Amino acid sequence: MNERLTKKIEQLKEQRKAVILAHNYQPGEIQDLADFTGDSLGLSIQAAETDAEVIVFCGVRFMAETAAILSPQKTVLLPEKTAGCPMADMITAEQLRGLKKQHPGAIVVCYVNSTAEVKAESDYCCTSSNAVEVVNSLPEDKRIIFVPDQHLGQFVAERTGRDMVLWPGYCTTHVLMTADDIRAAKAKYPDAVVMAHPECTEPVKELADELLSTGQMLKFAASGRAKTFIVASENGIIHALKKQNPDAEFIAASGRAICPNMKKITVDKIVASLEDMQYRITVPEEIRTRAERSLNRMVEILPSK
Ligand code: SF4
Numbered sequence: 000m001n002e003r004l005t006k007k008i009e010q011l012k013e014q015r016k017a018v019i020l021a022h023n024y025q026p027g028e029i030q031d032l033a034d035f036t037g038d039s040l041g042l043s044i045q046a047a048e049t050d051a052e053v054i055v056f057c058g059v060r061f062m063a064e065t066a067a068i069l070s071p072q073k074t075v076l077l078p079e080k081t082a083g084c085p086m087a088d089m090i091t092a093e094q095l096r097g098l099k100k101q102h103p104g105a106i107v108v109c110y111v112n113s114t115a116e117v118k119a120e121s122d123y124c125c126t127s128s129n130a131v132e133v134v135n136s137l138p139e140d141k142r143i144i145f146v147p148d149q150h151l152g153q154f155v156a157e158r159t160g161r162d163m164v165l166w167p168g169y170c171t172t173h174v175l176m177t178a179d180d181i182r183a184a185k186a187k188y189p190d191a192v193v194m195a196h197p198e199c200t201e202p203v204k205e206l207a208d209e210l211l212s213t214g215q216m217l218k219f220a221a222s223g224r225a226k227t228f229i230v231a232s233e234n235g236i237i238h239a240l241k242k243q244n245p246d247a248e249f250i251a252a253s254g255r256a257i258c259p260n261m262k263k264i265t266v267d268k269i270v271a272s273l274e275d276m277q278y279r280i281t282v283p284e285e286i287r288t289r290a291e292r293s294l295n296r297m298v299e300i301l302p303s304k
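As C-alpha cells, this is what we get:
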C-alpha cells in the first residue's frame, strides 16, 4: 500500500476515533493495515473492549452485526455493503423457530456465522474455536440443535458424542476443497502436517492431522511442531500464518478456497467507509438484546479464550 493512502487512513482513523478490525480471511494488505486481526471470537471481543467510537469491520456482514450487538453505543461500518456470508443466509429465524417446534426442549447453539435474527432465536452462540467446549458445558440429557453449519456440527457431534440435530448449511468456500486435493498435496509434501478447518467436508477432515479454527491454526503453527503445513481453510489465513512463522512453509490445499465475499473489501473502500461513514450496520434493539444474550453466554463459558 502506498504511503499516501497509509497516511490518509491514519488521519481518518484519528478524526473519526476509529479502529480497523480484519478477519484472518481478508486480503493480505487489509490484514496488514488493520489494528486487530483475528478470528470471529477474538474480533467480536476486541470490538466490545475497544474504546474507539467507530469500528470499521473488514469482514462480512454477520461479523459487523456481531460487533454492533456487543457494542450498541459504537458506530459499526462494513466497507462493502454486499459482503455477506452465504452460510449465514442458509437459515432464517423463521426456519429456526420451525426447527425448535419440531424438537421441543432442545437447546439451540448457533455458530457465530449466523444472522443477528438467528442469534436472537438461539440459546448459545459459539465459534469454531469453542464449539466443542460450549456443547460440552450443556446438560447431558438435552438434545442440541446446531445451526447453520452441518460440517462444524458433525465435528462437534463426534467430539462430544452428544445427540445433535444439524441444520444442512455449509460454507460455500470450504466445501470446494476435496479429498483428492489433500491426497495430491500430501503426495507432494509427504512430511507436511495437514491442518483442516472444521467447516471442511468429512472426507477432507478424515485426511487431516489436525482439525483447527483459524486462531488455533496460528497457535499450532507457532508451537514449532512442524516446518511444513498443508492448510485446508480459506486461503487468506496463509498470509497471517506466513507473517507469524517466516521460517515455516504453508501450502494451500486448494487454489479454489477463496471466499469471494471476504475479498470484496479493498483499501479504497476502507477510505470511503471512513470518509462517508458507510455502510452503517445496525441491529434493531429487540433483536440485539436477545442476540447479545446468546453471545454473552458463550463468553461467560470461556472468559479467558
Ligand atoms: S469463508 Fe465461508 S463461512 Fe466464511 S464468510 Fe466466506 S462463505 Fe461465509
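For the sequence shown, position 123 matches number 122 in numbering that gives the first Met the number 0, and the numbering has no gaps at all.
For every residue, glycine included, the Cβ atom is placed at its ideal position computed from N, Cα and C.
Quick caveat, the model's predicted, so the values are computed rather than measured.
With residue i and residue j assumed to form a contact (beta carbons below 8 angstroms), what rounded beta-carbon distance in angstroms separates them?
i      : j      : result
ALA130 : TYR110 : 7 angstroms
ARG60  : GLY83  : 5 angstroms
ALA51  : ALA105 : Not really, about 39 angstroms apart at Cβ, beyond 8 angstroms.
ASP148 : GLU116 : Between GLU116 and ASP148 the Cβ distance is about 17 angstroms, and since that is not below 8 angstroms, they are no contact.
ALA231 : ALA195 : 4 angstroms
How would you write the range of the alpha helix (DSSP H) that residue i sits in, first residue to last?
i      : result
ILE300 : 284–300
ALA207 : Here ALA207 belongs to no alpha helix (DSSP H), and DSSP marks it neither H nor E.
ALA195 : From DSSP, ALA195 is part of no alpha helix (DSSP H) but of the beta strand (DSSP E) over 192–195.
VAL134 : 130–135
VAL117 : 115–119
ILE309 : Past the boundaries of the shown model lies residue 309; the chain is included only from 0 to 304, so the question cannot be answered.
Under the rule that 16 or more other beta-carbon atoms within 10 Å means buried, what is residue i, buried or exposed?
i      : result
GLY223 : exposed
GLN14  : exposed
ALA66  : buried
GLU285 : exposed
LYS6   : exposed
ARG3   : exposed
SER303 : Per-residue confidence for SER303 stands at a pLDDT of 49, beneath the threshold of 50, marking its modelled position as unreliable; the derived number appears in the next sentence. By the neighbour-count rule (16 or more Cβ atoms within 10 Å), SER303 is not buried but exposed.
GLU201 : exposed
ASN112 : buried
ASN234 : buried
So what's residue i in DSSP terms, helix, strand or just coil?
i      : result
LEU20  : strand
MET163 : strand
GLY168 : strand
SER303 : The predicted position of SER303 is uncertain, since its pLDDT is 49 and thus under 50; a value taken from the coordinates is nonetheless stated next. If DSSP states are grouped into helix, strand and coil, SER303 belongs with coil.
THR227 : strand
GLY83  : coil
LEU211 : coil
LEU77  : coil
ASP148 : strand
VAL59  : coil
THR36  : strand
ARG279 : strand
VAL53  : strand
ILE90  : coil
ILE264 : coil
ILE257 : coil
Could you pull out every residue in the same chain whose Cβ sits closer than 6 angstroms to the Cβ of residue i, ignoring the five residues on either side in sequence?
i      : result
PHE35  : LEU20, GLN45
ILE29  : ALA21, CYS57, ILE264
GLU79  : LYS263, ILE264, LYS268
THR49  : VAL18
SER255 : According to the sequence shown, residue 255 is Arg rather than Ser. Taken in chain order, the residues that qualify are LEU175.
GLU248 : THR227
LYS141 : ILE106
Which residues mark the beginning and the end of the beta strand (DSSP E) in which residue i is found?
i      : result
GLU248 : 248–251
ILE106 : 106–110
Grab me the residues of residue i's own chain with a C-beta within less than 7 angstroms of its C-beta, minus the 5 sequence neighbours each way, in chain order.
i     : result
ALA33 : ILE19, LEU20, ALA21, CYS57
Could you name the residues of the same chain whose beta carbon sits closer than 8 angstroms to that of residue i, not counting the 5 residues immediately before and after it, in chain order?
i     : result
LEU11 : ALA17, VAL270, LEU273, GLU274
ILE68 : ALA115, LYS118, VAL282, ARG287, ALA290, GLU291, LEU294
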